[in-house]
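Below is one structure, written out as structure tokens; comments come after it.
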DNA sequence: TTTTATCTACCAGAAAAAGGGGATTTTGAG
DNA sequence: CTCAAAATCCCCTTTTTCTGGTAGATAAAA
């Protein structure tokens, strides 16, 4: 019987997991906490095998808590718990020592499976999470590498300045600004300013 | 005894709410659905007084579902349910006819209170939600009200199309497109396309 | 030292957008 | 039906951007 400790600030979720595991033959909920420090404190006197850790906690994030838990309780297996399957969250959680990642839309079976798998020292990934990790690895259609000056010009273009105004502001010739603009269009592989501004914002190359 | 119907695709949450209301003296869970259409179907033969509707459902969003539910069951009270207290979600949910908005970190007491309050025909807002609605009221420096056609043209402009290309795509004269463009610039109070695209993205008036 | 990248500057012409008008038809709400 | 808003189309001028080149100065990397 695997002892499971739940760390989540949503009563609904805590109660939900307890309910899902209520008549389980493999796992039993041994306790719960609504934030990170309370969890660290409780676990001192409350042995557990697996911890379900929400990514968003009131006092700290699940990734940091994962590190703290692993330091104090090296044998404790940790499963990340979140509503979203965001790549960065998942990978950072794994890096912090988690044995898997569960979505809150998990079924009772997935939950039990995850607990059992992590208990055995193996890694658990639900289908959905695994899909996120494996499939969309290579995305970004090559984001343009801009020089410092180009970024500067780009920002001013997005601010709505004309070439003349940019030239005045940077104390350079309007012809130079035009050159930068041309190079920018080429690097972004777009044919006008509108599309460039859009891409620049999409890739967060300029400030809003 | 208020009959509560839960619409949420997270088994943990559904079970959690059931557990929280298990020994309630005022409310009882009469059923649950994991998506919008299944909910609409089930409610035909399953009378309920209050529906807890998650904002994020697999087949539709909670706001649209709220509208559909209200159309079919005018007496059904609806409580929005979400992890986040985002202003736009809350207000749109209320506009769609909801009687309140609950966060998933609600306690058993809040849950019962919300159900009882909405049952009486009054509006329920948790402290946290109310705070979001009242405090940061004045923000946005007047975002332009665009017509459907203007939005369409704006999106295509941001996509990098020229007036001619937009005209071809929408089967209208280039002169018309130019008019729309001029009106857009006036509404945004900017003097070129770059600044307009930037603002449009900032105000999320167009898709990325 | 040679190469490469960057920033700078220039020319000329074509294309598109911006500014400032006006006008007609469609359509939806009252 | 009626009015107002939205969508459509038109003209003219000026400004700006875009296209497609070239090229010198400088600094960093090979």
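Chains as they are written, first to last, in the working numbering: chain D, 1 to 208; chain Y, 1001 to 1208.
Note that beta-carbon positions come from the ideal geometry of N, C-alpha and C, so glycine has one too.
Taking only three categories from DSSP, how would you classify residue 1191/Y?
For the purposes of this step, residue 1191/Y is taken as residue 191 along the second chain, with counting starting at 1. In the structure shown, residue 1191/Y sits in coil (DSSP, three-state: anything other than H, G, I, E or B).
I'd like the list of long-range same chain contacts for residue 33/D, defined as Cβ closer than 6 Å, with 5 residues on each side in sequence excluded.
Within the first chain, numbered from 1, the residue matching residue 33/D stands at position 33. Here the set comprises 7, 39 and 42.
Which residue marks the beginning of the beta strand (DSSP E) containing residue 214/D, and which one marks its end?
There is simply no residue 214/D to check, as chain D begins at 1 and stops at 208 in what is shown.
Buried or exposed: where does residue 1047/Y fall if 16 or more other Cβ atoms within 10 Å of its Cβ makes it buried?
For the purposes of this step, residue 1047/Y is taken as the residue at position 47 of the second chain. Exposed.
Does the Cβ-Cβ distance between residue 1194/Y and residue 194/D come in under 8 Å?
For this step, residue 1194/Y is matched to residue 194 along the second chain. For this step, residue 194/D is matched to residue 194 along the first chain. Result yes, Cβ atoms of residue 1194/Y and residue 194/D sit closer than 8 Å.
Pull up the distance between the alpha-carbon of residue 23/D and that of residue 146/D, whole angstroms please.
Within the first chain, the letter at position 23 stands for residue 23/D. Within the first chain, the letter at position 146 stands for residue 146/D. Spanning the two alpha carbons is a distance of roughly 59 Å.
Measuring CA to CA, which of 1017/Y, 1011/Y and 1208/Y is closest to residue 1112/Y?
Taking the second chain and counting its residues from 1, the one referred to as residue 1112/Y is at position 112. Minimum Cα distance to residue 1112/Y is reached at 1017/Y.
Listed in chain order, which residues of the segment 169-203 of chain D have Cβ atoms closer than 7 Å to some Cβ of chain Y?
190, 191, 192, 193, 194, 195, 197, 198, 201 and 202
Contact set between residue 158/D and chain Y, taken where Cβ atoms lie within less than 7 Å:
Against the first chain, residue 158/D aligns to sequence position 158. Simply 1194 and 1198.
Just mark residue 127/D as buried or exposed, buried being the case when its beta carbon has 16 or more other beta carbons within 10 Å.
Position 127 of the first chain, counting from 1, holds the residue named residue 127/D. Looking at its Cβ environment, which holds fewer than 16 other Cβ atoms inside 10 Å, residue 127/D is exposed.
Mind reading off the beta-carbon distance from residue 10/D to residue 1056/Y? Whole number of angstroms is fine, and I expect it under 8 Å.
Taking the first residue of the first chain as 1, we reach residue 10/D at position 10. Taking the first residue of the second chain as 1, we reach residue 1056/Y at position 56. The pair is not a contact, with the Cβ atoms about 15 Å apart (cut-off 8 Å).
Residue-chain proximity (residue 105/D, chain Y), Cβ-Cβ < 8 Å:
For this step, residue 105/D is matched to residue 105 along the first chain. Judged by the 8 Å Cβ criterion, residue 105/D is in contact with chain Y.
Considering only the beta carbon of each residue, do residue 123/D and residue 99/D sit closer than 8 Å?
Numbered from 1 along the first chain, position 123 holds the residue referred to as residue 123/D. Numbered from 1 along the first chain, position 99 holds the residue referred to as residue 99/D. In contact: residue 123/D and residue 99/D (Cβ atoms closer than 8 Å).
Can the beta-carbon of residue 28/D be found less than 8 Å from the beta-carbon of residue 1/D?
Counting from 1 along the first chain, the entry for residue 28/D is found at position 28. Counting from 1 along the first chain, the entry for residue 1/D is found at position 1. Yes, these two residues count as a Cβ contact at 8 Å.
Kindly indicate which residue of 1081/Y, 1086/Y, 1203/Y and 1004/Y has the alpha-carbon position closest to the one of residue 1132/Y.
Within the second chain, the letter at position 132 stands for residue 1132/Y. Here the closest residue by C-alpha is 1086/Y.
Kindly list, in the order they appear in chain D, the residues whose Cβ is closer than 7 Å to that of residue 1017/Y.
Mapped onto the second chain, residue 1017/Y falls at position 17. Going along chain D in sequence order, the residues near residue 1017/Y (Cβ under 7 Å) are 12.
Exposed or buried, what is residue 77/D when buried is set at 16 or more other beta-carbons lying within 10 Å of its beta-carbon?
The sequence position of residue 77/D within the first chain is 77, counting from 1. So residue 77/D counts as buried.
For residue 1035/Y, decide whether its Cβ has a neighbour in chain D, counting only Cβ atoms nearer than 8 Å.
Sequence index remark: in the second chain, residue 1035/Y carries index 35 (1-based). Judged by the 8 Å Cβ criterion, residue 1035/Y is not in contact with chain D.
Return the residue from the list 129/D, 183/D, 14/D and 19/D that minimises the CA-CA distance to residue 149/D.
By 1-based counting over the first chain, the position of residue 149/D is 149. Comparing Cα-Cα distances from residue 149/D to each of 129/D, 183/D, 14/D and 19/D, the minimum goes to 183/D.
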